[in-house]
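In case it helps, this note's numbering puts the first sequence at residues 5 to 546.
C-beta: ideal position from N, C-alpha, C; glycine also.
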Amino acid sequence: MPEDLPEGYYLDNFKYLLDFVVEKHGHLLSEPEYRYRDQFASASENAKKLYVRLTNRKGPHFRQDKINYPEINNLSAVVSELIGLSLVDSSTPTLEHAIALCDKKELSQLEAFAAWPKSCRRSEMVEQLIATGTCNPIEELDLPVIEVLGLEKLLVYRLLFFGNFHQDMTEFVLHELVSPFEAYNLSDESSAFSSRSIVDLTIELKLLSERAHEVIDTDETGDEIAALIEEMPFRPDDAMTARRFDRLLNRVARQLERLDRKEGALYVYKLTSATPSRERQARILEKLGRLMDALDLCEQIYDAPLDEEEWEFSLSFGQRLARKHQLETSLPRNDKVPPPQETIRISRVVERVELCAVQHYTDAGETCFYVENMLFRGIFGLAFWDIIFAPVPGAFFHPFQRGPSDLYTSDFVASRSGLIDRRCADLLDSDQLRQRVLYCYEGRYGVANQFVNWQYLSRELLELALAQIPAEHLCKVFDRLLIDLKNNASGLPDLIIFGESGYRLVEIKGPGDTIQKNQERWFRYFNTHGIPATLVNVEWAN
DNA sequence: GTTGGGATTG
DNA sequence: GAATGTGTGTCTCAATCCCAACTT
DNA sequence: TGACACACATTCAA
Ligand SMILES: [Mn+2]
């Protein structure tokens, strides 16, 4: 049964968010956005409750006859009040919205479908309505529809509060009922945005991103995409906004590549910095026959790579380019040592190869877990918990963060280097490591942390890992994680197998599956540090 | 009649 | 057989409700 | 609402 939330819970959260933003980021709000809060505050309690309920839903249009909240009586009076306050509107929605508000049964009552069989699909009727474009079902059936107003202002409040678009009011519920957030101290006077113009740019990019998503799905020629590119702003200086910009343009450019518009794609990639921009550029340059440009770019990447993946690309692609076209290059060879491999022959008891392998090792009397990235990420998150949530200025600006805002930038290590160095030294002592991790596991169980997935991190697994993996090995893993928390938190082996004393890591490769680049890099690292890791090829018996 | 993907709810 | 590109499923917080599809 | 790992197809160079 669902647990009970306090009376007026949603309303309180809503008020809290508005007040929080006005107090902490008020200087970033426009005059109408300020007024929005007062507008809301002037409504009666019931009207506020209804407004908040509706803003938490899909919207902005709702069928008034389908709104039913037990705590709100006299709905029509409340709606009238909200209309008077300009928080709700009652005009007829556009055709597209109107159709979405009617179910199949209602649509079939329309004149246009009187002759249609009962077995026709709703999607066929929708198609027909959009094609003719004259009949608005809400109008014809005279259904009561209301539109919630002020959502664009509320979006600004949410953006200022969370610093992103993907979190919303459900975070409050998650905190209350599911997985609480760490009770870190918020930094004073800190915000994701340093000026209003950055806020506006972020919103502009979001709107462009939504349109890009749409166009990428529908546009077969690339003409619409090209038109959209014309509307793009200049690349922002602010690092966070620049990242959003790059992600959007890289995505658009990739689609241009798929549509075989190489020049256009190249032009768009040149506007961005984030990976894989330069890699894609090099590939396009080769296809365009601009071999020297491609090779030059590889050398540029090699001199200043943004991450290891890009660095490796510059070597392998540059070398291949030079060899294929007999070009001179200063790029060194990238010699790879293949990881230790073995082959097992097992029967396919379930669909997933990894689980069959777990069964295989378990049958052989070993203790085996299918962990992928989760084990080492989890141990890392526990061992560095207090550092992750350390009150660094600007790191925490709202109560629902799974980690500091700079976690995936190089600033994270830079601004905590003292703490991290000391912790790494302490953790070399296996008793300290064990105690710290288990103590944190007990004390913080269930608390949201970017690195810890509590579902798959059992105490049994954790204790085995801490007992059988030497502290030096774990610290080596931490070292590599800390080099690049974003990219190095993936590519870890599928399985961990515990023997009587000791352990080994196993990457399972089914038929037709080959090792990926990030996995290869971990294997190389394991190899140089004496961490036991094997690549196991699976063949199906019978 | 069932089911699968959503939206909604706490 | 590498090196590519592309498509898919699985995580999502979990239970419930609704509704549009269908030899599931 | 992506990130991640895998599955499968195509291409191209030894
Ligand atoms: Mn694998």
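Roughly how many angstroms separate the alpha carbons of residue i and residue j, rounded to a whole number?
i	j	result
D433	H364	34 Å
G516	S494	21 Å
V417	I487	8 Å
L292	K266	8 Å
N17	D483	40 Å
H31	N168	18 Å
P237	E49	42 Å
A456	I383	Per the sequence shown, the amino acid found at residue 456 is Val instead of Ala. Answer to the nearest angstrom: the Cα atoms are 8 Å apart.
I350	N546	9 Å
R327	Y306	17 Å
D107	L359	43 Å
Q330	F317	19 Å
I144	T98	Sequence check: residue 144 is Glu here, not Ile. Those two C-alpha atoms are separated by around 13 Å.
N60	R200	25 Å
D221	D425	48 Å
R420	G226	46 Å
L178	D172	11 Å
R215	S127	23 Å
P184	D23	22 Å
L335	R528	21 Å
K122	S112	8 Å
T333	D339	16 Å
Output the boundary residues of the beta strand (DSSP E) element that contains residue i.
i	result
I473	From DSSP, I473 is part of no beta strand (DSSP E); its letter is neither H nor E.
Q259	Note, Q259: premise wrong, no beta strand (DSSP E); alpha helix (DSSP H) at 243-262.
E511	507-513
L539	537-544
V456	Careful: V456 lies outside any beta strand (DSSP E) and carries neither H nor E.
I348	345-350
C372	371-374
F66	65-67
E151	149-152
Take residue i and list the residues in its own chain whose beta-carbon comes closer than 7 Å to its own, dropping the five residues that flank it on each side.
i	result
L301	R282, Q285, A286, L289
V4	Look at the range of the chain in this structure, 5 to 546, and you will see that residue 4 is not part of it.
L411	Q454, L489
G2	Within the shown structure, residues of the chain are numbered from 5 to 546, placing residue 2 beyond reach of any answer.
R251	A278
R406	A452, N453, Q454
Look at the Cβ atom of residue i, then the Cβ atom of residue j, and state whether they are nearer than 8 Å.
i	j	result
P141	E100	no
V510	P497	yes
N541	K521	no
L470	R438	yes
A298	L325	yes
L295	L379	no
V152	L58	yes
A387	R463	no
S409	G422	no
E180	L9	yes
Closer than 8 Å by C-beta to residue i: which residues in its own chain qualify, once you throw out the five before and the five after it? Chain order, please.
i	result
R508	I500, I501, P536, A537, T538
V82	S48, N50, A51, L54, I76
V149	H65, F66, R67, Q68, S94, T96, P97, A102, L105, I142
W544	R349, I350, S351, R352, P515
N491	D311, E312, E313, N522
S198	D242
L15	E49, K52, K53, V56
V547	Look at the range of the chain in this structure, 5 to 546, and you will see that residue 547 is not part of it.
Could you please give the first and the last residue of the uninterrupted alpha helix (DSSP H) stretch that includes residue i?
i	result
L499	Segment 499-502 is the beta strand (DSSP E) holding L499; no alpha helix (DSSP H) there.
H217	200-222
V362	357-367
V396	Neither: V396 is in no alpha helix (DSSP H) and is coded neither H nor E.
E283	281-291
R528	521-532
G407	Counting along the chain, G407 falls outside any alpha helix (DSSP H), and DSSP gives it neither H nor E.
R427	421-431
Using a Cβ-Cβ cut-off of 6 Å (strictly less than) and excluding sequence neighbours within five positions of residue i, which residues of its own chain qualify?
i	result
I202	D242, T245
M5	Residue placement at M5 cannot be trusted, given a pLDDT of 43 that sits under 50; the coordinates are not used to answer.
R248	L209
Three-pair Cβ contact test at 8 Å for the region 525-543 versus the region 336-355: yes
Three-pair Cβ contact test at 8 Å for the region 378-395 versus the region 188-204: yes
The region 85-93 contacting the region 36-53, beta-carbon criterion three pairs below 8 Å: yes
Stretch-stretch touch, CB-based, cutoff 8 Å, three pairs: the region 424-439 with the region 369-376: no
At least 3 beta-carbon pairs within less than 8 Å: the region 160-173 vs the region 192-210: yes
The region 431-450 in contact with the region 466-480 per 3-pair CB rule at 8 Å: yes
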